[in-house]
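Offset between the sequence shown (1-based) and the working numbering: plus 18.
The beta carbon of each residue, even a glycine, is placed where N, CA and C say it ideally should be.
I have placed the structure first, in the form of structure tokens, so that the comments after it can refer back to it.
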Amino acid sequence: MQNYKSWEVIPVDKSAVQGIPAASATVRVFSPANIALAKYWGKRDLNLNLPLMGSISITLDNVGSFTTVEFDRNLEKDEFFLNKAQIHDACFNRVHETLSRLRALAQRSIYARVQSMNNFPTAAGLASSASGTSALVLAAAHALGLDLSLTKLSELARLGSGSACRSFFDGFVEWKKGEELNGSDSVADSILSSQKWPLKVFIVCVSKNEKSTSSRSAMLLTQQTSPYFNSWVESANKLLPSFRKAIGSQDFKTLAELSELSCMQMHACIMVSQPPLIYWTPATLEVIQLTQQMRLKKGIPVFYTIDAGANVVLICEPEAAHQVKKEIESFEFIKTAVGSGARIL
Ligand code: PMV
Numbered sequence: 019m020q021n022y023k024s025w026e027v028i029p030v031d032k033s034a035v036q037g038i039p040a041a042s043a044t045v046r047v048f049s050p051a052n053i054a055l056a057k058y059w060g061k062r063d064l065n066l067n068l069p070l071m072g073s074i075s076i077t078l079d080n081v082g083s084f085t086t087v088e089f090d091r092n093l094e095k096d097e098f099f100l101n102k103a104q105i106h107d108a109c110f111n112r113v114h115e116t117l118s119r120l121r122a123l124a125q126r127s128i129y130a131r132v133q134s135m136n137n138f139p140t141a142a143g144l145a146s147s148a149s150g151t152s153a154l155v156l157a158a159a160h161a162l163g164l165d166l167s168l169t170k171l172s173e174l175a176r177l178g179s180g181s182a183c184r185s186f187f188d189g190f191v192e193w194k195k196g197e198e199l200n201g202s203d204s205v206a207d208s209i210l211s212s213q214k215w216p217l218k219v220f221i222v223c224v225s226k227n228e229k230s231t232s233s234r235s236a237m238l239l240t241q242q243t244s245p246y247f248n249s250w251v252e253s254a255n256k257l258l259p260s261f262r263k264a265i266g267s268q269d270f271k272t273l274a275e276l277s278e279l280s281c282m283q284m285h286a287c288i289m290v291s292q293p294p295l296i297y298w299t300p301a302t303l304e305v306i307q308l309t310q311q312m313r314l315k316k317g318i319p320v321f322y323t324i325d326a327g328a329n330v331v332l333i334c335e336p337e338a339a340h341q342v343k344k345e346i347e348s349f350e351f352i353k354t355a356v357g358s359g360a361r362i363l
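So this is what it looks like as structure tokens:
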């Protein structure tokens, strides 16, 4: 796998499109996924995707979306292909809305063909919407010749999918809750570079299946029906200063405990929604327990986190990476499920 560091624009053969400078008509980019340690789950504004809590994520190096955006005068509407299949559902509508925002900024009315490929399972709780949306914004902005700051790109990505605003930044990234109604202070930025604390991330893929409920609708369901929702929001905001402190002082043990707590609190809150929603499979639980054994019994500096899906992300100190990989490979379900999807990415 090629080594892409955070987002980047990849040179492509540029095609000339009337009305758009030849050099900017077609743009291909890579944008990474990010995995939240302090989770975002709940909105203070549904239309602007403004969060009820601050969140902190870690940006992945090589895992993400490759997206090509091609503005073409011959198109009568936008087209969106995801992993080679043309998409017409709500996901297409979000792509179209994002392109329309960028077109309005550039004062253009030309349609685009968007082709996006993820190098990891799509819609399986592994932040594919974050990498996909950030890649779309980056590619479309470049193709339209817009010279936007990272903060503006991040804001445009947030409007498409909240967590996407964190994918533009390296290392540990905080997305602030903000107070302003228009979201002007709900911005993302890096709080510690990956070079300063190069934690290693493993994705233990126990299911490649698309999740039954998208995070967008699950978040709304939780917010509207979970009896734990208010206490989850309160707790999530209270944990943030401790997260910042643990990251600032590179205190792995505390970061591990806080991250697992945030993950468990979010999932507990989701599980008691009406109707109840469980994203996990038995293999998810197995990975949770084995990871706890690794850290608490064997003293290996590793912890888990899980987004809205069944797959588990393990994070460890760099010097423990080899040992963690060996331990994961010995997980019983990995050994028995060879060929049926369970694997380490
Ligand atoms: O940005 P969305 O709408 O895909 O929601 C993301 C929610 C979680 O991944 C579960 C948590 C997070 O902070 O990324």
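As assigned by DSSP and simplified to three states, the class of residue i
{"i": "glutamate 192", "result": "strand"}
{"i": "methionine 71", "result": "coil"}
{"i": "serine 185", "result": "coil"}
{"i": "alanine 158", "result": "helix"}
{"i": "lysine 343", "result": "helix"}
{"i": "leucine 171", "result": "helix"}
{"i": "serine 230", "result": "coil"}
{"i": "lysine 214", "result": "coil"}
{"i": "arginine 176", "result": "helix"}
{"i": "serine 235", "result": "helix"}
{"i": "serine 42", "result": "In this prediction, serine 42 scores a pLDDT of 46, lower than 50, which makes its location untrustworthy; the coordinate-derived value is nonetheless stated afterwards. Helix."}
{"i": "proline 139", "result": "coil"}
{"i": "asparagine 21", "result": "Caution applies to asparagine 21, whose pLDDT of 46 falls short of 50 and renders its modelled position unreliable; the value that the coordinates give is listed next. Asparagine 21: coil per DSSP, three-state reduction."}
{"i": "phenylalanine 247", "result": "helix"}
{"i": "serine 149", "result": "helix"}
{"i": "asparagine 52", "result": "strand"}
{"i": "serine 348", "result": "coil"}
{"i": "serine 253", "result": "helix"}
Option in the options with minimal Cα separation from residue i
{"i": "lysine 214", "options": "Ala130, Asn329, Ser267 and His106", "result": "Ser267"}
{"i": "arginine 184", "options": "Ala286, Ile53, Asp325 and Ala328", "result": "Ile53"}
{"i": "serine 134", "options": "Thr243, Phe349, Phe110 and Ser280", "result": "Phe110"}
{"i": "aspartate 90", "options": "Leu162, Leu66 and Gly72", "result": "Leu162"}
{"i": "glutamate 198", "options": "Leu68, Ala43, Val342 and Phe349", "result": "Leu68"}
{"i": "serine 147", "options": "Val81, Phe138, Pro139 and Ala182", "result": "Ala182"}
{"i": "lysine 316", "options": "Ser212, Thr323 and Leu308", "result": "Leu308"}
{"i": "isoleucine 221", "options": "Ser212, Ser249, Gln104 and Val330", "result": "Val330"}
{"i": "serine 152", "options": "Leu168, Gln125 and Met282", "result": "Leu168"}
{"i": "asparagine 65", "options": "Leu144, Ser211, Thr116 and Glu337", "result": "Thr116"}
{"i": "phenylalanine 186", "options": "Val290, Leu166 and Ala124", "result": "Leu166"}
{"i": "aspartate 207", "options": "Glu173, Asn248, Ser83 and Val45", "result": "Glu173"}
{"i": "tryptophan 158", "options": "Ser179, Pro139, Asn137 and Ser118", "result": "Note on identity: in this sequence residue 158 is alanine, with tryptophan being the wrong assignment. For the residues Ser179, Pro139, Asn137 and Ser118, the minimum Cα distance to alanine 158 belongs to Ser118."}
{"i": "methionine 282", "options": "Gly82, Val47 and Tyr297", "result": "Tyr297"}
{"i": "phenylalanine 99", "options": "Leu295, Leu171 and Asn136", "result": "Asn136"}
{"i": "leucine 171", "options": "Asp269, Leu123 and Val132", "result": "Leu123"}
{"i": "methionine 71", "options": "Lys263, Phe349 and Asn248", "result": "Asn248"}
{"i": "glycine 138", "options": "Ile306, Ser179, Gly180 and Asp79", "result": "According to the sequence provided, residue 138 is phenylalanine. The question's glycine does not apply to it. Among Ile306, Ser179, Gly180 and Asp79, the Cα nearest to that of phenylalanine 138 is on Asp79."}
{"i": "arginine 46", "options": "Val132, Ile76, Ala103 and Leu55", "result": "Val132"}
{"i": "alanine 328", "options": "Pro216, Thr140, Ser348 and Ser179", "result": "Thr140"}
{"i": "glutamine 241", "options": "Leu210, Cys287 and Gln341", "result": "Cys287"}
{"i": "lysine 271", "options": "Ala51, Val320 and Asp63", "result": "Val320"}
{"i": "leucine 154", "options": "Ala51, Gly201 and Ile76", "result": "Ala51"}
Spatial distance of residue i from residue j (CA atoms)
{"i": "threonine 432", "j": "leucine 156", "result": "Nothing about residue 432 can be reported from this structure: the residues present for the chain run from 19 to 363 only."}
{"i": "leucine 273", "j": "phenylalanine 261", "result": "6 Å"}
{"i": "tyrosine 129", "j": "serine 49", "result": "22 Å"}
{"i": "proline 39", "j": "histidine 160", "result": "Any reading at proline 39 must be qualified, since the residue scores a pLDDT of 49, below 50, and its modelled position is unreliable; no value is offered."}
{"i": "aspartate 203", "j": "lysine 195", "result": "8 Å"}
{"i": "glutamine 292", "j": "serine 230", "result": "15 Å"}
{"i": "serine 73", "j": "glutamate 345", "result": "29 Å"}
{"i": "alanine 41", "j": "glutamate 88", "result": "Annotation note: pLDDT 43 at alanine 41 (below 50); position unreliable, coordinate value reported separately. Answer to the nearest angstrom: the Cα atoms are 11 Å apart."}
{"i": "arginine 121", "j": "serine 232", "result": "27 Å"}
{"i": "arginine 313", "j": "aspartate 188", "result": "26 Å"}
{"i": "glutamine 310", "j": "cysteine 334", "result": "12 Å"}
{"i": "lysine 218", "j": "alanine 339", "result": "6 Å"}
{"i": "glutamate 278", "j": "valine 205", "result": "24 Å"}
{"i": "serine 127", "j": "arginine 112", "result": "17 Å"}
{"i": "asparagine 101", "j": "threonine 243", "result": "34 Å"}
{"i": "leucine 177", "j": "tryptophan 193", "result": "13 Å"}
{"i": "valine 191", "j": "isoleucine 265", "result": "10 Å"}
{"i": "leucine 332", "j": "glutamine 125", "result": "44 Å"}
{"i": "aspartate 107", "j": "glycine 82", "result": "22 Å"}
{"i": "isoleucine 318", "j": "leucine 164", "result": "47 Å"}
{"i": "methionine 284", "j": "lysine 263", "result": "21 Å"}
{"i": "methionine 289", "j": "threonine 44", "result": "43 Å"}
{"i": "isoleucine 76", "j": "phenylalanine 349", "result": "25 Å"}
{"i": "proline 336", "j": "aspartate 269", "result": "14 Å"}
Chain C contact for residue i (CB, 8 Å cutoff)
{"i": "valine 47", "result": "Protein chain content of the structure displayed is limited to a single chain, and chain C is not contained in it."}
Any non-hydrogen atom of the ligand MG closer than 7 Å to residue i Cβ
{"i": "glycine 196", "result": "Absent from the structure shown: the ligand MG. Ligands present: the ligand PMV."}
Between the stretch 210 to 229 and the stretch 90 to 107, can you find at least three pairs of beta-carbon atoms closer than 8 Å? At 8 Å Cβ cutoff, the stretches do not touch.
With three or more beta-carbon pairs closer than 8 Å as the criterion, would you say the stretch 250 to 265 touches the stretch 302 to 310? Counting C-beta pairs closer than 8 Å gives fewer than three between the stretch 250 to 265 and the stretch 302 to 310, which falls short of the contact rule.
Considering only residues of the stretch 55 to 124, which uninterrupted beta strand (DSSP E) runs meet the minimum length of 3 residues and lie entirely inside it, listed in chain order? 61 to 63, 73 to 89 and 97 to 100
Below 8 Å, can you find three or more Cβ-Cβ pairs linking the stretch 232 to 251 to the stretch 55 to 69? The answer is yes - the stretch 55 to 69 touches the stretch 232 to 251, with three or more Cβ pairs under 8 Å.
Quick check for students: name the residue ranges of the beta strand (DSSP E) that lie wholly in the stretch 261 to 341, counting only runs of 3 or more. 320 to 323 and 330 to 334
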